[in-house]
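Written below as structure tokens is the structure these notes are about.
Numbering (this note's numbering), first residue to last: 3 to 981.
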């Protein structure tokens, strides 16, 4: 229902998901061929790739090229079918376990998560990777450099490249491999660095000293319940390496192995001899944690090298004597790295062809980053660079082929990428009640509570004392205190950063913090409310009692059935009251859901926010900055108009499913209750006349909600959509089309006003569905040109109720007028056509008027302020006369005069010019007013009647007044107008 004439968002994502592996396969296995044959291949699919490969090879090839061709064909068949390639290929498959290992690792690590595929499928790890800053730095110096401490502290430490991590010069004991610990905060890019490292090793560009690289996820290892040997552990994950000789204990073999253990904080490691026995046999079964411990101890395969990645809280789990080198990943420490990241993503549009819009976005981003703004601080973390790109991609690169994406969905995906499935642990120990220890739920109950308090009190800045109060202020047990310490070390800095005035408050002198991205405060506050965490004391009490009674309901029923025989009836009635308590809780809970709906409606339609910019423009300004004169004093109080929109978006099933993976459950029954209560509020408010910006916000809320039934019911109460002066972007156009597409075919608006909305011919294609539901369409003051008119008329071909079409000041020329004349017959009920203030000449204007005369219902055509001569105006006046057979007259408004008489529509013409004189080309307006004045003076001289002369002089005085005001407005900025 949310799709108009093309596959659904789910189908698009499934198609791209199925298409990704084969494209990756083509790119992977042609890499070696390009070095020899200099082929230029595109990932257009398997069949076309095979054909191009076949014709690109010469008739005679060397043995090496034939082997490469065998590998290419083998891998292609394997990626298509998923079965053993020997059944589909004539050539012999690859038998070298190491080569098989590299192929499988490449396919595995090249696979992009669903969150990355939403960008259109143009990205690959090779094209979008930007190396974050890596420093050799011991955590004991200051417990790690926070990525938000600035460049001064970072520059004192030497930086490293990935290739230098295992530099042989740093290994004093050549008989043993190096143990390197790479640590960093959440979102600094640890997993991304590991993925790029593995892909580069497979391609042969880094770590050539290692013949075998074995990456492991510590989270996966922690879930292994049975003891296993190192050899079986490797063979279980990499079946093709079961018989590899690298684990035989031979020094010459083991020194060529690199183990990678990613995410050590998710695994319990105990280096005490009494807890983890020593082991040097790769075939001895041990718990997975013991295998890793003995590898790090260098008792097991001491010649092998090891790379461990972890968060700062888990650095001390490995004793210092087992680590040869500590390195910290610090993200993107300077605007140039950030710009490189943005360039790699935002320029990868239109099949890799950079566009002017993307280049302009990057320049504006770079200027904002150079100001050392709040965004520059946040973008020290690559994760926030990803969020910035995802948001800008949504706002500016949405098109008719894009899947359904929402701003709420982007923020929820952002959370899943950084905290997917995590539980808060202490020393790798996970509580049996994992749902209660969900890291994301812990974030909501602490940082989300802080965000909610800030929105309630209209504040975005928080003191250190407030952080202490809201984040862990009620912890009591030792376990809670340990969890809080881990949370503060690893996660808290991910959301809150020092204020961009170095965090110092002028009044109190204390340090203050803000959310890294302003919209994150609204998202977490919305999640806090929707999850029901802001319960009143009554709600908390009734829930606890109801749950206790619910668990014992069967026992109570059985007990009462026995006691009813021996206890007096009056006493028995008291026990029956207990059975009514769950019903009371149900009523209290229902009231709570209604309060959530009331909050959404109240925040959505606040009168003090009525004249703010629409919410999507506010989001964009938070990323790109405000260009132009800056305010003298920056304030940290602002409107939170995204907050209710996030609340609506979180109720969508897709976001609820992602939140379920994060341990945050929103039940369908809760959504139903909130939706029923919200429907009444939205219908009531939508019947009121809303400013264009507020109306755009309402459309965004309906789009984020992704509930077609609710959307259709709300729109039934809206008869006019006036978005004039709202700066329409591709995403706003997409929102408008999607929302209107939820209505039935019988739904029609009295008016759709898109005047002065910066609509281009490209945006018209996105707006096609919106044009099917209106009888009065206004597109004034948009630069549509002839190309845009062609798109518009194609879109309007499905609208059979159009009565008025206003295209004033849209850059139309003679070609557009000719096209309009040809297509007028498709709209049998069209009554009025306005093409004033364009570039239409005499011939095209006459053709258009003739077509209007042939039309059965058109009675008025606006043609003033066009490139018309005096002869042309006179001819138009004559053509507009009544037809002989029908007696129907087409009124042609070309000037304030009609021949030697004053036009009866002179006042509307001058009124329109007066209202728009400041936004139009003042030189052209002044020129036209002088022409009007000349025509009026000539007409006055043609009449002897005193009253007619007075009428001419009255109109002349109005035109002269407009000229004076137009000249004055150039200096004072005042407007002109006709009352």
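Heads up, the beta-carbon is just placed ideally off N, CA and C, and yes, glycines get one too.
Note down, one range per segment and in chain order, each alpha helix (DSSP H) of at least 4 residues found wholly within the region 265 to 306. 290 to 299
contact_flag[the region 200 to 207, the region 330 to 343] where n(CB pairs < 8 Å) is 3 or more: no
Anticipated Cβ contact below 8 Å, residue 751 with residue 727, distance rounded: The pair is not a contact, with the Cβ atoms about 18 Å apart (cut-off 8 Å).
When burial is assigned at 16 or more other CB atoms within 10 Å of the CB, is residue 385 buried or exposed? buried
Counted within 10 angstroms of its Cβ, other Cβ atoms place residue 474 as buried (16 or more) or exposed: buried
Any idea what DSSP makes of residue 864, helix, strand or coil? strand
Report buried or exposed for residue 390, applying the criterion of at least 16 other Cβ atoms within 10 angstroms of its Cβ. buried
Exposure label - residue 746; buried when at least 16 CB within 10 Å: exposed
Any idea what DSSP makes of residue 440, helix, strand or coil? strand
At 3 residues or longer, what runs of the beta strand (DSSP E) sit wholly inside the region 877 to 963? 893 to 895
Since residue 618 and residue 731 should fall inside the 8 Å C-beta cutoff, what is the C-beta to C-beta distance between them, to a whole number of angstroms? 7 Å
What does residue 217 pair with, by DSSP beta-bridge criteria? 262
Taking only three categories from DSSP, how would you classify residue 754? strand
When you compare the CB positions of residue 881 and residue 851, do they come within less than 8 Å of one another, or not? yes
Which residues share a DSSP beta bridge with residue 807? 779 and 835
Are the Cβ atoms of residue 173 and residue 180 separated by less than 8 Å? yes
Among the candidates 440, 529 and 193, whose CA atom is the shortest distance from the CA of residue 451? 529
Straight-line CA distance for residue 198 to residue 217? 12 Å
Buried or exposed, going by whether 16 or more other CB atoms sit within 10 Å of the CB of residue 985? In this structure the chain extends from 3 to 981, so residue 985 is not present and cannot be described.
Decide if residue 605 is buried, meaning its Cβ has at least 16 other Cβ atoms within 10 Å, or exposed. buried
Residue closest to residue 96, alpha-carbon to alpha-carbon, out of 212, 214, 242 and 927: 242
Assign residue 683 to one of three DSSP states: helix, strand, or coil. helix
Give me the Cα-Cα distance between residue 1 and residue 689, rounded to the nearest whole angstrom. What is shown of the chain runs 3 to 981, which leaves residue 1 out entirely.
Tell me where the beta strand (DSSP E) around residue 516 begins and ends. 514 to 517
Considering residue 716, what are the terminal residues of the alpha helix (DSSP H) in which it resides? 710 to 717
Give the straight-line distance between the Cα atoms of residue 345 and residue 339, rounded to the nearest whole angstrom. 10 Å
What residue range does the beta strand (DSSP E) around residue 500 cover? 498 to 500
If residue 313 and residue 492 are in contact, beta carbons under 8 Å, what's the gap, nearest whole angstrom? 4 Å
In whole angstroms, what is the alpha-carbon distance linking residue 111 and residue 102? 14 Å
Once DSSP output is grouped into helix, strand and coil, what is the label at residue 76? For residue 76, the predicted structure reports a pLDDT of 41, less than 50, and the residue's modelled location is therefore unreliable. A value from the coordinates is still provided. Residue state, collapsed to three classes: helix.
Extent of the continuous alpha helix (DSSP H) to which residue 618 belongs: 617 to 626
Stretch pair the region 369 to 380 + the region 668 to 679: three plus CB contacts closer than 8 Å: no
Am I right that residue 769 and residue 804 are in contact with their C-beta atoms under 8 Å? What's the rounded C-beta distance? Residue 769 to residue 804, Cβ: 14 Å. No contact.
Output the boundary residues of the alpha helix (DSSP H) element that contains residue 372. 358 to 372
Residue environment, residue 952, which counts as buried when at least 16 other CB atoms sit within 10 Å: exposed
Taking the alpha carbon of residue 376 as the point to measure from, which residue in 365, 878, 737 and 627 has its own alpha carbon closest? 627
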